[in-house]
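Residue numbers 334 to 560, in the numbering used here, belong to the letters of the sequence shown in order. One structure below.
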Amino acid sequence: MPRLDARLKLVAAEIRGKIHADIGSDHGHLLAALLSADRIERGIAVENKLQPYRNSSATLERLNAEVRLGEGMDVIEENEIDSLSICGMGGQSIVRILSEHPNRLPKQLVLQPNQAIASVRQWARDNGYWLTDEKCTGTKRRFEVLVFSRFGPPHDPVYQKLNEVGLDESMGLMFGPWFLLRKDERLLQRLAEEQRYLQSKQNLTQTSRARVETIRRLLSSDHFLSR
Ligand SMILES: C[S@@+](CC[C@H](N)C(=O)[O-])C[C@H]1O[C@@H](n2cnc3c(N)ncnc32)[C@H](O)[C@@H]1O
């Protein structure tokens, strides 16, 4: 059985469906680990490039899995899967894949965007998925894993919880509402470092100025000062 790195271990631990699809499966290790541990009954790996498709096919050969060559959710049917993972891609690519066939998405999504994580939270916020948990690796590079469940409207109550502790939704979308509510120490250290870095720069873009201001408000909020 392939060994998963810390990032994919976090993803695997969150998956709850019996029939699970992994989009952008690459080597196929995530599904192989889930099937070998009887964590899922059947796996569907999706790849849009030939060599990763072959790699996934080789890894999953003797397991209860199917490997499909195609674009994202194009090759998944409505009501076919219980859960879905998309890992190791940028947030914009993840959002594009999720947006293409909204009717084919399952109840549970486990997503691990490498960048533009806020765009994934925003997509979920606008599309009836509630962020039920978020985790991060303890490795040098911080990888975030977002776990969503479809509840439909009303809006995700986690952003209301943020308001109750004096923080706003935009902070939650940017840095993760659960990390903020839990006063995640590693996130705080990273924000303090980013604040020092941005403040040391001469000419900040408008986006960076807005970000440094949000970090300043967060770090000086009662919620964080009272920890
Ligand atoms: C950076 S790798 C990440 C692999 C694995 N998910 C992981 O986290 O270790 C991204 C993989 O997704 C595949 N991919 C990218 N866009 C895709 C799409 N729209 N549909 C299917 N596969 C895609 C790429 O071919 C590549 O193998």
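Just so you know, even glycine gets a beta-carbon here, dropped at the ideal spot from N, CA and C.
Serine 426 CB to nearest heavy atom of ligand 1 below 7 Å: yes
Taking leucine 446 as part of the beta strand (DSSP E), name the residues at either end of that continuous run. It is worth fixing the name first, because residue 446 is proline in this sequence and not leucine. Start and end: 441-446.
Cut-off 8 Å between Cβ atoms - residues of its own chain near methionine 507, not counting five sequence neighbours on either side: Ala451, Arg544, Thr547
Cβ neighbour criterion (16 or more within 10 Å) applied to arginine 537: The sequence shown places leucine at residue 537, rather than the arginine named in the question. With fewer than 16 Cβ atoms within 10 Å of its Cβ, leucine 537 is classed as exposed.
Local Cβ density within 10 Å of lysine 468, reported as buried at 16 or more and exposed below that: buried
Would serine 482 and lysine 440 be called neighbours here (beta carbons separated by less than 8 Å)? yes
Check the DSSP bridge columns for isoleucine 427 and list the partner residues they point to. Partner(s): none; isoleucine 427 has no beta bridge.
Could you give the first and the last residue of the continuous beta strand (DSSP E) run that contains alanine 449? Counting along the chain, alanine 449 falls outside any beta strand (DSSP E), and DSSP gives it neither H nor E.
Can you grab the Cα-Cα spacing for the pair glycine 471 / leucine 442, in whole Å? 22 Å
Quick check: does the Cβ of glycine 405 come within less than 7 Å of any heavy atom belonging to ligand 1? yes
Option in Lys473, Asp489, Pro446 with minimal Cα separation from asparagine 460: Asp489
Should glycine 499 be labelled buried (16 or more other beta-carbon atoms within 10 Å of its own) or exposed? exposed
Buried or exposed: which applies to proline 446, given that a residue is buried once 16 or more other Cβ atoms fall within 10 Å of its Cβ? buried
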